[in-house]
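For the sequence shown, our numbering assigns the number 11 to the initial residue and increments by one for each residue that follows.
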Amino acid sequence: MTLFPEKTKPKKELAFKQIFEDLYQTLCVFASGFLKDDIQAADVVQEIFIKLWERYPSLDNDFNVKSYLYTAVRHQCLNMLRDRKEFASDLQLFESQEFFQDILIERESYRIFYNAVDSLPPQTRKIIYLSIDGLKNAEIAEQLQVTEANIHRLKKLAYKKLKNILKDYYYLIFIFIMPE
């Protein structure tokens, strides 16, 4: 018995693949925040994606899928912590709704911002990543062997593009990048 009828299967597989590519790494970091173990975090996320695959027809939009994934990962991590009886002092904090919301907002902000940066042209993207790493325009220019004026111009263009891409999340630019 197949999960999806053959004629709709490729569409479902593409949607699942897109969800996986968009959220896998973010969910691993999210789970690792609870478990303090990257390998166990990846295992948890993989298990949750398997459950998603099995239940996918009942999830009707991206918001529900994201909500399901974050909630399922959180619950699985908390169950593991309870079973291991580790981090007992942190367990109450981890279980609180405020902690969950704060972490969720943080991870989603990172994901949205870095997806926007990744959509920039390669040279501009590289400049923005070097800026995020704390390099000044002169240091970036030296590393990329271009003029400092060119770096300034490309950063200005990048901010303009990011402003357009992140129009609903423009505040993220100020959180991640402080213009010189």
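Glycine included, each C-beta is placed from N, C-alpha and C at the ideal position.
Straight-line measurement puts the Cα of Trp-63 at about 12 Å from the Cα of Leu-24. Sorting Lys-27, Ser-77 and Ile-175 by C-alpha distance to the C-alpha of Tyr-124 places Ile-175 at the top. Cβ contact annotation for Leu-164 (same chain, cutoff 8 Å, sequence separation greater than five): Gln-133, Thr-134 and Ile-137, in chain order. For Leu-91 against Phe-44, the beta-carbon gap comes to about 7 Å, under 8 Å, which counts as contact. Ranked by Cα distance from Ala-41, the options Cys-87, Arg-117, Gln-28 and Glu-152 are led by Cys-87.
Here Lys-21 is exposed. Its C-beta has fewer than 16 other C-beta atoms within 10 Å. By the CB criterion at 8 Å, Val-156 and Tyr-139 fall outside the cutoff.
Under the three-state reduction of DSSP output, Thr-36 falls in the helix class. Beyond the five residues adjoining it in sequence on each side, Glu-158 comes within less than 6 Å, by CB distance, of Asn-147, Ala-148 and Ala-151 in the same chain, given in chain order. Non-local beta-carbon contacts of Glu-57 in its own chain, meaning distances under 8 Å to residues more than five positions away in sequence, involve Gln-86 in chain order. Taking C-beta separations shorter than 6 Å and ignoring five residues to either side along the sequence, the partners of Thr-36 in its chain run Arg-117 and Arg-121, following chain order. DSSP places Leu-45 in the helix class (H, G or I) of the three-state scheme. Straight through space, the alpha carbons of Asp-178 and Ser-119 are spaced by roughly 12 Å. If you check the CB distance, Leu-154 and Leu-79 do not come in under 8 Å. Secondary structure of Pro-132 (DSSP, three-state): helix.
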